[in-house]
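Engineer:
Chains as they are written, first to last, in the working numbering: chain Y, 15 to 356; chain R, 15 to 356; chain G, 15 to 356; chain A, 15 to 356.
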């Protein structure tokens, strides 16, 4: 019997991508679709690529509309998830694509988001040591941020194997959909085409503490991340270039072996053959993360690079993957592994 | 029991897209993959987005390698299909993504391709009146050109209903993958980004006679097409802007009714609601064609616009759709309808 | 002695481009810069590419601020120019980059812009027969629309020589800066990259009557234009593909001769050598228009294609060129002819 | 009296950009233009954006053709400059846009370029301490690599002021023109649009020793650079994100003061106001470098970011600027400071 699934925030990029994936999920029946200012609008006018849902009309985001579903995906602005989730009760699996329940330390939340901490839910990055087990049977899932997904997957094997010093440096390039669908001048096509621009420089991006939170327990010592995100002229994709000093005695072979072992058996995360580096087009539209790693002997650094689609493995795909795990379904169900390229 | 399917020319864009679709087709088992100069290379180095096939090695394109399959897709340079097809025999369904068997008039072939005419196979555009029936049970399929697909779908309803004068004017914008994967200076990213460029202007593009061949029988009178293709800075997609003088007495209502009727029941071709125009992002990666039509009363012209993904509905998707029909499978099997957007 | 020049609407794309050109104009001293909601803001925050003006602060757009200049460029929303111009008096050369004073027929204005007609000023397309003379000594200039510039330059030679039937069909591709800098969802980078989308289809785009107004007197008979604009993924540039039935007896030679003669001596409009077609990258940032023409003998149509930079020859460059003419300066002063490519 | 200037390698991206700048240089008369396989071709077919030179025909790259000029720019493949330069004699100013004479240590050259070291010429980065003086009167100039230009400008002030530890980490995003105009599959528009891809990872990119060579003398201690270049979907531009651990006691104020002082009086390098970060569109087509710097207190790192146009300040503009210095002309002559944006 199909799961009835609702999506709150169906007019945005994250909500639209959740719907695109759910339309290909064999165990799902799409229930209520809700929007904020777009309530009352045909989905076909907002998401013209989702043909089978074109005549659906968005309802307002209220507990009444969302109740009576097996699963509810929340793709809402930060700070709105807690109230909705509370009203839904424990029998509904709530998957929050927002940031509200990602951070464990209230102080981190308050510093980076400037409001009261809502709490912490099981974290939807099953490849990170310990997290897959915590997702099984859970009725609440916090979907990771797109950058922390890319960065954690690129770096955790080095930390898990004790090969990297705890000061990581990350520069990530993201497609513009990561910045959302709200109309802002600096996100106009005229502004972003032909341009690369950094933002949130100097340790102030909200995803920074989430990265440290993910890597510290794996490393067994406090990891700091110097993180610089940049916007590049493409709709989707993240390429995260991550590095850290190699601990004494690390060899390229040991490094490679650590990554091969960390990703062994993972359906969605792959270490590329030596000499081949990930590019974002390979994972366009797919729930796949591609990773490669090298040892720069001159600089003494481990350089690990990952490519994901920020809207799939970085948001909606990670969300569906975690839903599958929580509900005891096959983890790969309904999730594309092949990118749409060229 | 799964169909064994081979793909000749698996290193190019058309071949890669056939593979991407076949990987999602529930009745298909992927057999031999062949290449020309790329024979001997891992597919993972050539098509890094096709993860499950990454360790496959391309074989040479010979009848021996391709024999012993139920279906063989040919994605070869023009002029190479006939010899391969002949060697395969009538028990193998051969689906030719090239141009060799599209044109009925030998004179057209000779004028536009400059070689001897190989023949004519059933034409894989099932939405065009009469063609779906001809595909059923066929063991040979000529996949239409990408531009003729977009243009024929945009214009045939007007001609079928006797609403348009037989002189069509078409300007189409295409993503660069339509020009293939061979390395040429004018197709470099540095050249195509930030630029729109026309080519094949003045009636000399090879797809021109194919458009006339499609529309003439529907119109019941000889249709000429003034066709100008342009290259635009995106990897995929065709937007075809097509117009023709309206016959006397045509109204917007009659025009719309003709299109609604022509596409009624079609799984992959849709007339958009009034006021909404197709854009290529809506069909990115999908086998969908979106069409809209308007009557310009001042200029006295019918303007019909279609959007397709040149690699899917325009090539590989049309090919798989026609394969499904030929083999008596459900027509929609394994074909995505939702675009990957944004 | 330098001309004192003010720019009203300096925060938008047209205003910014006027400034970029004026910074390279040897006879100009940049005076007041004004904005609407951006009054009070540093120009460096709005136009970070205009380094020498970075510390200028925008003033409000009032007659007091704009008075006491030799030339005032208006880059304002439609409908705001008349009041400003009236207050400035006849001693100030007012160059309106907006649409307010382009159309001669009040009925056209009312139908396409929905407000009362402000009047008609000398039209800043000096290459169009008769217009250069009318600009000399004028104290008011209406800068043409970007599409009418591209289309008129591509088609007028055919009409001037009596070679084309009076029903033109135009499909134009434009970069997104033509849609302005106001933040709108459909103009977000995520929406426009990877997509081509038509708009204003069916004869309703506001630039349509301006094209007819330009071509009709040249043809000596009423010309209608079926015009379809499309947005393509690049910041700048227009490629206009224009066609019309050839009058009986037209030959390719006669056609080519007509274009060569029409552009003879023009500093900014060039007929390309046979076989070379214009592309927008060649005119990126330049006041140049490139044109090519062909005769499609099968379809019986003349196909003329032009490429311009919508912000330069299509707006700010045409404005400065016309200013030069009006003031008796060398027409080419301060205007780049070489594109920034690749 | 005008300088007679020849350009060897006029068909490529660097040569084309040198020509675009020289066309706007008031003291220059363009002499011989040469090419390799393109000798005998009209420049208009190769560089259609350089209208005034369209009818020039490329000559072969020989000493005879290049002799009898005041200045010769070499934009040749690596390894070809030495022979040409030798034949030209000391009275000709030779400006080499290639790598042949950049590196001081023969061992570096041999390791990274795999051939015999040709020698070392004065280095055309006048903003780097000590280099402007060395360029004055020189008859040989080695134009820096594009990445070393961006990285050295971003980091040298921190090292000059003794604020940064000597282990730098750099991730740079480059437009595709940096990879040249030779037709290669991975540089096709279809491949690069919608994708970010790293290359030369792990300390093997040829520009790495050049960065260390530039920063080490400024720092007064050996500086290592962990350098990762990435290709992004735009034709031009480099954004270099550079960081290094802050030495003990460094404050944001001291850091900012060091940069302000380092760039004081520089015509082409600017420290942006606090809070504003450089983006590549601001320097599109200009010889400008924009820099911003921040202190990440949590990570303990200095983060400095620069934006340049790889073809202008990163190649041709730097070359012309150095030519001006060498010849005693005003340093800014003929060089654009304003970007072409949006």
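Where a beta carbon is used, it is the ideal one built from N, C-alpha and C, also for glycine.
Can you check whether the C-beta of residue 308 of chain R is within less than 7 Å of a C-beta belonging to chain Y?
Structural biologist: Cβ-Cβ to chain Y under 7 Å: no for residue 308 of chain R.
Engineer: Based on the DSSP secondary-structure assignment, which residues constitute the bridge partners of residue 110 of chain R?
Structural biologist: Answer by DSSP bridge pairing, in chain order: R/88, R/156.
Engineer: Mapping DSSP to helix, strand and coil, what is residue 42 of chain G?
Structural biologist: It is a strand residue.
Engineer: Leaving out the 5 sequence neighbours to the left and right, which residues in its chain are closer than 7 Å to residue 266 of chain R when beta-carbon positions are compared?
Structural biologist: Hits under 7 Å: 309.
Engineer: Whole angstroms are fine: how far does the CA of residue 219 of chain R sit from the CA of residue 128 of chain R?
Structural biologist: The straight-line gap from Cα to Cα measures roughly 13 Å.
Engineer: Using the Cβ count rule (16 or more neighbours within 10 Å means buried), how would you classify residue 5 of chain A?
Structural biologist: Not covered by the structure: residue 5 of chain A. The range shown for chain A is 15 to 356.
Engineer: Could you confirm whether any beta carbon from chain Y is found closer than 7 Å to the beta carbon of residue 204 of chain G?
Structural biologist: So yes, residue 204 of chain G belongs to the interface.
Engineer: Which residues does DSSP list as the beta-bridge partners of residue 21 of chain Y?
Structural biologist: Y/47, Y/87.
Engineer: Pop quiz: residue 174 of chain G and residue 276 of chain G are said to be a contact at Cβ under 8 Å. What is the actual Cβ separation, rounded to whole angstroms?
Structural biologist: Yes, they are in contact, since the Cβ atoms of residue 174 of chain G and residue 276 of chain G sit about 6 Å apart, within 8 Å.
Engineer: How many angstroms separate the CA atom of residue 67 of chain G from the CA atom of residue 283 of chain A?
Structural biologist: Roughly 15 Å between the two C-alpha positions.
Engineer: Could you check the C-alpha separation between residue 254 of chain Y and residue 184 of chain Y for me, to the nearest Å?
Structural biologist: Taking the straight line from one Cα to the other gives about 7 Å.
Engineer: What residues from chain R crowd round residue 27 of chain A, counting only those whose CB sits closer than 9 Å?
Structural biologist: Under the 9 Å cutoff, chain R gives 204.
Engineer: Alpha carbons only, please: which of G/322, G/25, G/34, G/50 is nearest the one belonging to residue 188 of chain G?
Structural biologist: Comparing Cα positions, the closest option is G/322.
Engineer: Residues of chain A with CB closer than 7 Å to the CB of residue 288 of chain Y, please, in chain order.
Structural biologist: The premise fails here: residue 288 of chain Y is roughly 11 Å from chain A at the closest Cβ pair, so nothing lies under 7 Å.
Engineer: Between which two residues does the beta strand (DSSP E) harbouring residue 240 of chain G extend?
Structural biologist: Element bounds for residue 240 of chain G: 238-245.
Engineer: Are the C-beta of residue 52 of chain G and some C-beta of chain A separated by less than 7 Å?
Structural biologist: Closer than 7 Å: no.
Engineer: Report the residue from R/177, R/166, R/47, R/132 whose alpha carbon sits nearest the alpha carbon of residue 81 of chain R.
Structural biologist: Taking only the C-alpha atoms, the option nearest residue 81 of chain R is R/47.
Engineer: Is residue 210 of chain R helix, strand or coil when you go by DSSP?
Structural biologist: Three-state DSSP puts residue 210 of chain R in coil, outside helix and strand.
Engineer: Kindly list, in the order they appear in chain Y, the residues whose Cβ is closer than 9 Å to that of residue 195 of chain G.
Structural biologist: Per Cβ cutoff of 9 Å: 199, 202, 204, 205.
Engineer: Under 8 Å, with one C-beta from each stretch per pair, do the stretch 295-310 of chain Y and the stretch 204-217 of chain A reach the 3-pair mark?
Structural biologist: Contact holds: three or more Cβ-Cβ distances are below 8 Å.
Engineer: Can you give the beta carbon distance from residue 244 of chain Y to residue 237 of chain Y, rounded, assuming they're within the 8 Å contact cut?
Structural biologist: Contact doesn't hold; Cβ gap of about 22 Å is too wide.
Engineer: Along chain R, which residues have their Cβ under 8 Å away from the Cβ of residue 337 of chain A?
Structural biologist: Here the premise fails: no neighbours, minimum Cβ distance about 25 Å.
Engineer: Name, please, each residue of chain R whose Cβ falls closer than 8 Å to the Cβ of residue 190 of chain A.
Structural biologist: Near residue 190 of chain A (Cβ distances below 8 Å), the residues of chain R are 202, 203, 204, 207.
Engineer: Going along the chain, which residues of its own chain have a beta-carbon closer than 7 Å to the beta-carbon of residue 148 of chain Y, five neighbours each way excluded?
Structural biologist: 136, listed in sequence order.
Engineer: If the cut-off is 7 Å on Cβ atoms, which residues from the stretch 300-325 of chain G count as contacting chain B, listed in chain order?
Structural biologist: Among the chains of the structure shown, chain B does not appear; the protein chains present are Y, R, G and A.
Engineer: Return the residue from the list G/305, G/172, G/64 that minimises the CA-CA distance to residue 352 of chain A.
Structural biologist: Among G/305, G/172, G/64, the Cα nearest to that of residue 352 of chain A belongs to G/64.
Engineer: Please list the residues of the stretch 247-270 of chain A that have a C-beta atom closer than 9 Å to any C-beta atom in chain R, keeping them in chain order.
Structural biologist: Answer set for the stretch 247-270 of chain A: 247, 248, 249, 250.
Engineer: Cutting at 7 Å between CB atoms, please list the residues of its own chain near residue 214 of chain R, excluding the five before and the five after it.
Structural biologist: Closer than 7 Å at Cβ, skipping near neighbours: 243.
Engineer: Does residue 91 of chain R come within less than 7 Å of chain G when only Cβ atoms are used?
Structural biologist: Not an interface residue.
Engineer: Could you check what DSSP says for residue 222 of chain G in three-state terms: helix, strand or coil?
Structural biologist: Reduced to three states, the DSSP call for residue 222 of chain G is helix.
Engineer: From the DSSP secondary-structure annotation, give me the bridge partner or partners of residue 284 of chain Y.
Structural biologist: Its beta-bridge partners are Y/304.
Engineer: Under 7 Å Cβ-Cβ, which residues of chain A neighbour residue 211 of chain Y?
Structural biologist: 291, 293, listed in chain order.
Engineer: Please report the residue range of the beta strand (DSSP E) in which residue 315 of chain R lies.
Structural biologist: 315-322 is the span of the beta strand (DSSP E), which, as asked, contains residue 315 of chain R.
Engineer: Look at the Cβ atom of residue 92 of chain G, then the Cβ atom of residue 113 of chain G, and state whether they are nearer than 7 Å.
Structural biologist: Yes, these two residues count as a Cβ contact at 7 Å.
Engineer: Quick one: what's got a C-beta closer than 6 Å to residue 302 of chain R's C-beta in the same chain, skipping five residues either side?
Structural biologist: Cβ neighbours of residue 302 of chain R beyond the five flanking positions: 282, 351.
Engineer: Could you give the residue range of the alpha helix (DSSP H) that holds residue 253 of chain Y?
Structural biologist: No alpha helix (DSSP H) contains residue 253 of chain Y, which is instead part of the beta strand (DSSP E) from 252-260.
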